[in-house]
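Chemist:
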Amino acid sequence: MMPDGPDLLTIPTPALILDNDRLTRNITRMNAHVARLRARLRPHIKTHKCLPIAQRQVAGWFGGVTVSTLAEGFACAAAGFEDILYAVPLEPGKLARACALAQRVRRLAVITDDPDLPKLLAAAAAAAGVVVEVLIEIDCGDGRTGLPWDDPVGIARVARAITSAQRLTLAGLLTHAGQSYAARNAAERRSIAELERDRLQQAAAGLEQAGFEVPCLSIGSTPTITALDAPLPPKFEVRPGNYVFFDAFQAQCGVCAWDDCALTVLAAVVHRGDGKVVVDAGAIALSKDIGAPDFFSDSGYGVVGDLEGHPLGLRVAAVSQEHGRIPVSETTLLARLPVGTRLRIVPNHACLTAAQHDHYWVVAGSRVIDRWPIIRGW
Ligand SMILES: Cc1ncc(COP(=O)(O)O)c(C=O)c1O
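With our numbering applied, the sequence shown corresponds to residues -5 to 372, in that order.
Next up, the structure:
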């Protein structure tokens, strides 16, 4: 608690403001949803990179987390997390650090789609005296990384490389339907979610036919997990991340309501001109992610609210490094926004925004109750 600490009028801007009630509500709602899906929740902490939030997300679950950097992994290990999935494909330059992380936890799992990596990882694991679990990454249609879901021969080849190596265990298959971020409505999201689930199951069936055991099927993004409504078959683990904060993109798509957005950037007006104000939150404070411009052509870089977070019907239309330009066509509204006015901007993509700051100012209403650090670096 920060009874005599700074408030929204005195915090140096730009700053990240995290609404504690909304955060709690988002976590509670996802917990209930994943329980209905009868899956295991292994939240992705890349969205927030923050230990107090990770601790709240795993409460009541088995304690596993997903990380996107080894820095997140080491911070989690130091805080007592014992079951970590590093869900970016491992490459040879990170083997020694990954194995050093494995020394600090009960279970480290990594992912690969490469038939040559297991041998190198096994050598590093032997040098460090650890066992590392490996999930094979499958591409279920996103086209980013992973072996094609319908390539049983290629998948079995990587599985063989893992199971024939000392100190490695085949932990299962993992996929991420990143294409869900291009879905325009709930029906499209749902069919991508079903595809993510079904294609991973088909890949697993092929591997089992080839004689391998597949202990875990790991899926998830916020759009796909929220779109599923029927219980998942056994062995499924889900890895949503963005749901803790949501953001302007998710609200525009209908994945969440606007008042679910828990993260805002506090910014101050530094210039008022003809039909516009400029704030001190630019590309660095907000990020330059403009979401899906094909179908939200005016999405800009964030949706602007007043100090209480009430929407003003304004958007950040352009950013440079430290400047955010907000067109204001109504003169009465412009008159209410002199230099120094503080505004709260719902970022377009909360994960990228949060990753650029050092800490969250946690608020209950407009009262600052805490400050939580953000894990930086890789
Ligand atoms: C491998 C992986 N798993 C899970 C997620 C979480 O997705 P979301 O942020 O939509 O919840 C991501 C996000 O990029 C990811 O890359």
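Yeah, the Cβ is synthetic: ideal placement off N, Cα and C, and Gly gets one too. Please read all numbers here as calculations on a predicted model, not as lab measurements.
Could you give the uninterrupted runs of the alpha helix (DSSP H) lying entirely in the region 46 to 108, keeping only those of 4 residues or more?
Modeler: Those alpha helix (DSSP H) runs which fall completely within the region 46 to 108 and span 4+ residues are 64 to 72 and 89 to 98.
Chemist: May I ask you to report which of helix, strand or coil DSSP gives residue 295?
Modeler: Numbered from its first residue, the sequence shown carries residue 295 at position 301. In the structure shown, residue 295 sits in coil (DSSP, three-state: anything other than H, G, I, E or B).
Chemist: On the CB-based measure, 16 or more other CB atoms within 10 Å of its CB, does residue 183 come out buried or exposed?
Modeler: By 1-based counting over the sequence shown, the position of residue 183 is 189. Per the 10 Å Cβ criterion, buried.
Chemist: Since residue 275 and residue 261 are thought to touch, with beta carbons under 8 Å apart, how far apart are those beta carbons, to the nearest angstrom?
Modeler: Translated into positions along the sequence shown, residue 275 becomes position 281. Translated into positions along the sequence shown, residue 261 becomes position 267. That belief holds up - the Cβ atoms of residue 275 and residue 261 are roughly 4 Å apart, short of 8 Å.
Chemist: Could you compute how far the alpha carbon of residue 0 sits from the alpha carbon of residue 60?
Modeler: Position 6 of the sequence shown holds residue 0. Position 66 of the sequence shown holds residue 60. Cα-Cα distance, rounded: 33 Å.
Chemist: Rounded to whole angstroms, what is the Cα-Cα separation between residue 141 and residue 269?
Modeler: Position 147 of the sequence shown holds residue 141. Position 275 of the sequence shown holds residue 269. Residue 141 and residue 269: Cα-Cα distance of roughly 51 Å.
Chemist: Can you grab the Cα-Cα spacing for the pair residue 168 / residue 226, in whole Å?
Modeler: Here the question's residue 168 lines up with position 174 in the sequence shown. Here the question's residue 226 lines up with position 232 in the sequence shown. Going from the Cα of residue 168 to the Cα of residue 226 covers about 15 Å.
Chemist: Below 8 Å, is the gap between the Cβ of residue 237 and the nearest heavy atom of ligand 1?
Modeler: Stepping through the sequence shown from its first residue, residue 237 is reached at position 243. It does: the Cβ of residue 237 is within 8 Å (strictly closer) of some heavy atom of ligand 1.
Chemist: Starting from the N-terminal side, write out each stretch of the alpha helix (DSSP H) that is 4 residues or longer and does not extend beyond the region 219 to 270.
Modeler: Listed in chain order, they are 242 to 247.
Chemist: At a cut-off of 8 Å, is residue 40 close to ligand 1 when judged by its beta-carbon and the heavy atoms of the ligand?
Modeler: Stepping through the sequence shown from its first residue, residue 40 is reached at position 46. Yes, the Cβ of residue 40 comes within 8 Å of a heavy atom of ligand 1.
Chemist: Using a 10 Å radius around the Cβ and a threshold of 16 neighbouring Cβ atoms, would you call residue 4 buried or exposed?
Modeler: Counting from 1 along the sequence shown, the entry for residue 4 is found at position 10. Per the 10 Å Cβ criterion, exposed.
Chemist: Bridge partners of residue 132, per DSSP?
Modeler: Sequence index remark: in the sequence shown, residue 132 carries index 138 (1-based). Beta-bridge pairing links residue 132 to 141.
Chemist: From residue 237 to residue 185, what does the alpha carbon distance come to, in whole angstroms?
Modeler: Taking the first residue of the sequence shown as position 1, residue 237 is located at position 243. Taking the first residue of the sequence shown as position 1, residue 185 is located at position 191. Approximately 19 Å, taken between the alpha carbons.
Chemist: Taking Cβ to Cβ, would you say residue 73 is nearer than 9 Å to residue 95?
Modeler: For this step, residue 73 is matched to residue 79 along the sequence shown. For this step, residue 95 is matched to residue 101 along the sequence shown. No.
Chemist: Using CA atoms only, rank isn't needed, just tell me which of 83, 252 and 129 is closest to residue 379.
Modeler: In this structure the chain extends from -5 to 372, so residue 379 is not present and cannot be described.
Chemist: When you compare the region 154 to 162 with the region 110 to 129, are there three or more beta-carbon pairs, one atom per stretch, that lie closer than 8 Å?
Modeler: Enough Cβ pairs lie closer than 8 Å, so yes.
Chemist: Relative to the alpha-carbon of residue 295, which residue among 316, 170 and 367 has its alpha-carbon at the smallest distance?
Modeler: Taking the first residue of the sequence shown as 1, we reach residue 295 at position 301. Of the listed residues, the one whose Cα sits closest to residue 295 is 316.
Chemist: Say yes only if the C-beta of residue 281 is nearer than 8 Å to one or more non-hydrogen atoms of ligand 1, and no if none qualify.
Modeler: Within the sequence shown, residue 281 is the residue found at index 287, counting from 1. Not so, every heavy atom of ligand 1 lies at least 8 Å from the Cβ.
Chemist: So the beta strand (DSSP E) residue 10 belongs to, where does it begin and stop?
Modeler: For the purposes of this step, residue 10 is taken as the residue at position 16 of the sequence shown. Where residue 10 is concerned, the enclosing beta strand (DSSP E) stretches over 9 to 13.
Chemist: Measuring CB to CB, does residue 23 end up less than 9 Å from residue 233?
Modeler: Locating residue 23 in the sequence shown gives position 29, counting from the first residue. Locating residue 233 in the sequence shown gives position 239, counting from the first residue. No, the pair does not count as a contact, with Cβ atoms beyond the cut-off.
Chemist: So does the region 75 to 85 actually touch the region 99 to 108, counting three or more Cβ pairs closer than 8 Å?
Modeler: Yes, they touch.
Chemist: Locate the beta strand (DSSP E) running through residue 356, then write down its first and last residues.
Modeler: The residue you call residue 356 lines up with position 362 of the sequence shown. Here the beta strand (DSSP E) through residue 356 covers 353 to 358.
Chemist: Have a look at the DSSP bridge pairing and note the partners of residue 110.
Modeler: For this step, residue 110 is matched to residue 116 along the sequence shown. Per DSSP, none; premise fails for residue 110.
Chemist: Which of the three DSSP states is assigned to residue 312 in this structure?
Modeler: Here the question's residue 312 lines up with position 318 in the sequence shown. Note: residue 312 maps to strand in three-state DSSP.
Chemist: Please report the residue range of the alpha helix (DSSP H) in which residue 186 lies.
Modeler: Counting from one through the sequence shown, the residue named residue 186 turns up at place 192. Residues 180 to 203.
Chemist: Can you pull the DSSP bridge partners for residue 213?
Modeler: The residue given as residue 213 occupies position 219 in the sequence shown. DSSP output for residue 213 lists 232 as bridge partner(s).
Chemist: Would residue 179 be called buried (16 or more neighbouring beta carbons within 10 Å of its own) or exposed?
Modeler: By one-based count along the sequence shown, residue 179 stands at place 185. Residue 179 comes out exposed.
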